[in-house]
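Engineer: Attaching a single structure in structure tokens format; questions to follow.
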Amino acid sequence: MALKSARRGHIDPFIVMEVMRAANARAAEGADVLHLEVGQPASGAPAGVLAAAHAALDGDRLGYTEAFGLPALRTAIAGHYRHHYGLQVPESRIAVTTGSSAGFLLSFLAAFDVGDRVAMAAPSYPAYRNILSALGVEVVELPAGPDERYQPTVALLEAETGPLHGLILASPSNPAGTMIEADAFADLVAYCTARDIRLVSDEIYHGITFGGPREVPALALTQQAVVINSFSKYFSMTGWRLGWMVLPEDLLRPVECLSQNLFISPPALSQRAGIAAFACGDELDAHVRRYAENRAILLEALPRAGFTHIAPADGAFYIYFHLRPHDPDSLEFCRLLLEQTGVAATPGVDFDPARGHRTVRLSFAGATGEIRAAAARLCAWAGVAAQLAV
Ligand SMILES: Cc1ncc(COP(=O)(O)O)c(C=O)c1O
5 MALKSARRGH
15 IDPFIVMEVM
25 RAANARAAEG
35 ADVLHLEVGQ
45 PASGAPAGVL
55 AAAHAALDGD
65 RLGYTEAFGL
75 PALRTAIAGH
85 YRHHYGLQVP
95 ESRIAVTTGS
105 SAGFLLSFLA
115 AFDVGDRVAM
125 AAPSYPAYRN
135 ILSALGVEVV
145 ELPAGPDERY
155 QPTVALLEAE
165 TGPLHGLILA
175 SPSNPAGTMI
185 EADAFADLVA
195 YCTARDIRLV
205 SDEIYHGITF
215 GGPREVPALA
225 LTQQAVVINS
235 FSKYFSMTGW
245 RLGWMVLPED
255 LLRPVECLSQ
265 NLFISPPALS
275 QRAGIAAFAC
285 GDELDAHVRR
295 YAENRAILLE
305 ALPRAGFTHI
315 APADGAFYIY
325 FHLRPHDPDS
335 LEFCRLLLEQ
345 TGVAATPGVD
355 FDPARGHRTV
365 RLSFAGATGE
375 IRAAAARLCA
385 WAGVAAQLAV
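Structural data, given as structure tokens:
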């Protein structure tokens with residue numbers, strides 16, 4: 005007799021976390037490791053957030069909050085929609101979450117049943133696929149390549165023969181960094197609305213764009229979407245585990261009950277501090293200027309090293325590039341790159357299990373000196389590899 009363990013726990017690893025573990029292990033042995041694998045700002049939380057956290061530690065009991073979060077934080081988030089997008093969002097529809105990761109779990113549980121089918125671009129952020137799989141929801145991967153700018157399109161959806169219950173969009177996307185143009189976004193929303201397909205819009209990279217297409221908040225087009233956002237990226241607060249959702253009316257009560265039971269409440273200290281984040285725009289926009297500089301360094305270096313097939317990096321802080329014909333598979337490529345140069349990178353299979361063997365993602369959220377050093381090591385290393393191959 006074997007002890008029982010659930011099939012649903014057998015999901016794919018989040019490969020980037022495994023690369024980070026390997027990179028940390030090398031660093032602990034004294035190796036000089038440059039972290040271009042994880043999408044996490046080199047900077048910490050902005051000064052205003054730190055001051056608010058200190059004040060909360062000194063003055064607050066920091067107990068449980070309501071499951072949907074502190075009223076003052078929900079008010080601040082509604083204010084963000086007003087100021088940043090000119091949108092009126094009722095505070096009652098805002099749910100504060102333990103990072104956007106909790107938002108995915110809560111909204112997927114509330115919106116989709118076992119056996120439902122949810123579409124997303126391949127490549128996509130791996131946790132969408134892995135969380136849905138754990139919940140028994142079928143993942144429908146839309147093979148989105150350079151012609152589609154690595155994003156779902158109505159044509160890709162029309163090519164899908166089975167029924168669809170959900171569609172996940174992320175613009176800017178992880179890993180490709182591409183954005184969906186306003187017209188195409190509206191077409192996707194109309195397609196979903198006409199067919200009762202629940203749209204989940206992951207807007208975690210809003211605020212980090214580089215002058216290309218405009219950000220489209222799903223709430224400007226529909227009130228039926230689940231909107232997911234977070235303090236992790238633009239707000240530079242990954243470890244605080246704080247995010248939020250804007251929910252459609254019909255999912256409010258189910259998500260509230262799930263939230264009460266699964267998490268009780270998001271972390272109170274992070275919530276108190278997070279209220280201050282919306283007043284830290286100057287400091288945060290300076291980070292975006294640093295990302296722009298880092299992006300330019302990599303976009304200049306990669307072609308020099310022979311990597312010329314690169315996704316348009318409209319936003320977020322990633323470069324997603326195709327390997328050269330003579331390069332090994334992306335898992336092996338990233339393993340060798342870390343071993344021989346100390347540069348940690350993420351193999352494309354994390355984002356696209358079927359076609360990601362020929363792609364790699366670099367995060368440029370780090371310090372500019374590190375990105376510059378990584379670019380130099382990559383060029384030197386790739387140059388040697390290219391010579392060996394001919
Ligand atoms: C597209 C996307 N969504 C969500 C997340 C999860 O973020 P968090 O749980 O820190 O809010 C990430 C993290 O890298 C991401 O890239």
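When we follow our numbering, the leftmost residue of the sequence shown carries the number 5, and every step to the right adds one.
Cβ coordinates follow ideal geometry from the N, Cα and C atoms, glycine included.
What residues does ligand 1 have around it, judged by CB closer than 6 Å to any heavy atom, in chain order?
Structural biologist: Matched residues: G43, G103, S104, S105, Y129, A174, N178, D206, I208, S234, S236, T242, G247.
Engineer: Per DSSP, what kind of secondary structure is M24 in: helix, strand or coil?
Structural biologist: Helix, per DSSP.
Engineer: If we count Cβ pairs, one from each stretch, closer than 8 Å, do we get three or more for the region 367-374 versus the region 287-302?
Structural biologist: The region 367-374 is in contact with the region 287-302.
Engineer: What whole-angstrom Cβ distance do V100 and R78 have, given they're in contact under 8 Å?
Structural biologist: Confirmed, about 7 Å.
Engineer: What do you reckon, are the CB atoms on Y249 and I172 nearer than 9 Å?
Structural biologist: According to the sequence as given, residue 249 is Met; it is not Tyr. Contact flag unset, no.
Engineer: Taking its Cβ as the centre, do 16 or more other Cβ atoms sit within 10 Å of Q92, making it buried, or is it exposed?
Structural biologist: The residue is exposed, with fewer than 16 neighbouring Cβ atoms inside 10 Å.
Engineer: Round the Cβ separation of A148 and Y154 to the nearest angstrom and send it over; I've been treating them as touching at under 8 Å.
Structural biologist: Correct: roughly 5 Å between the Cβ atoms.
Engineer: Please go through the same chain and pick out, in chain order, the residues whose beta-carbon is closer than 7 Å to the beta-carbon of L7, but skip the five residues on each side of it.
Structural biologist: So no residue of the chain qualifies.
Engineer: By the 10 Å Cβ neighbour count, where 16 or more other Cβ atoms means buried, how is M5 classified, buried or exposed?
Structural biologist: Its Cβ having fewer than 16 others within 10 Å, M5 is exposed.
Engineer: Using the Cβ count rule (16 or more neighbours within 10 Å means buried), how would you classify I268?
Structural biologist: Per the 10 Å Cβ criterion, exposed.
Engineer: Can you tell me whether P127 is buried or exposed? The criterion is at least 16 other CB atoms within 10 Å of its CB, across all chains shown.
Structural biologist: By the neighbour-count rule (16 or more Cβ atoms within 10 Å), P127 is buried.
Engineer: Nearest to A378 by CA position, among L160, D333, T102, E304, is which residue?
Structural biologist: With distances taken between Cα atoms, A378 lies closest to E304.
Engineer: Across which residues does DSSP place A123 in a beta bridge pair?
Structural biologist: V144, L171.
Engineer: Tell me the DSSP secondary structure of L40 in three-state form.
Structural biologist: In the structure shown, L40 sits in coil (DSSP, three-state: anything other than H, G, I, E or B).
Engineer: Measure the CB-CB distance between A272 and L74 and report whether it falls below 9 Å.
Structural biologist: It is a contact, given that the beta carbons lie within the stated cut-off.
Engineer: May I have a chain-ordered list of the beta strand (DSSP E) segments no shorter than 3 residues that lie completely inside the region 167-235?
Structural biologist: Listed in chain order, the complete beta strand (DSSP E) runs (minimum 3 residues) inside the region 167-235 are 170-174, 202-206, 230-234.
Engineer: Are at least three pairs of beta-carbons, each pair with one atom in the region 283-291 and one in the region 110-120, less than 8 Å apart?
Structural biologist: No, they do not touch.
Engineer: When you compare only the Cα positions, how much space is there between P94 and L306?
Structural biologist: Cα to Cα, the separation comes out at about 45 Å.
Engineer: So what does V347 bridge to, in DSSP terms?
Structural biologist: DSSP, once it has assigned bridges, lists L38 as partnering V347.
Engineer: Can you tell me where the alpha helix (DSSP H) with S105 in it begins and where it stops?
Structural biologist: S105 -> alpha helix (DSSP H) spans 103-115.
Engineer: Does DSSP classify L392 as helix, strand or coil?
Structural biologist: Residue placement at L392 is poorly supported in this model, since its pLDDT is 44, which falls under 50; the coordinates still yield a value, given next. Helix, per DSSP.
Engineer: Distance check for Y129 and N178, CA to CA, integer angstroms please.
Structural biologist: If I take the Cα positions, the gap works out to 6 Å.
Engineer: Within a Cβ cutoff of 6 Å, which residues of the same chain sit near Y209, ignoring the five residues on either side of it in sequence?
Structural biologist: Same-chain partners within the cutoff: P176, K237, G319, A320.
Engineer: Please report the straight-line C-alpha distance between R12 and C383, rounded to a whole angstrom.
Structural biologist: Using only the alpha carbons, I get a separation of about 42 Å.
Engineer: Helix, strand or coil: which one does DSSP assign to I301?
Structural biologist: The answer is helix: DSSP assigns I301 an H, G or I state.
Engineer: Pairs of beta-carbons, one from the region 225-244 and one from the region 41-59, closer than 8 Å: are there three or more?
Structural biologist: The region 225-244, when compared against the region 41-59, does touch it at the 8 Å Cβ threshold.
Engineer: Are the beta-carbon atoms belonging to L139 and E152 less than 9 Å from one another?
Structural biologist: Against a cut-off of 9 Å, the Cβ pair of E152 and L139 comes out as no contact.
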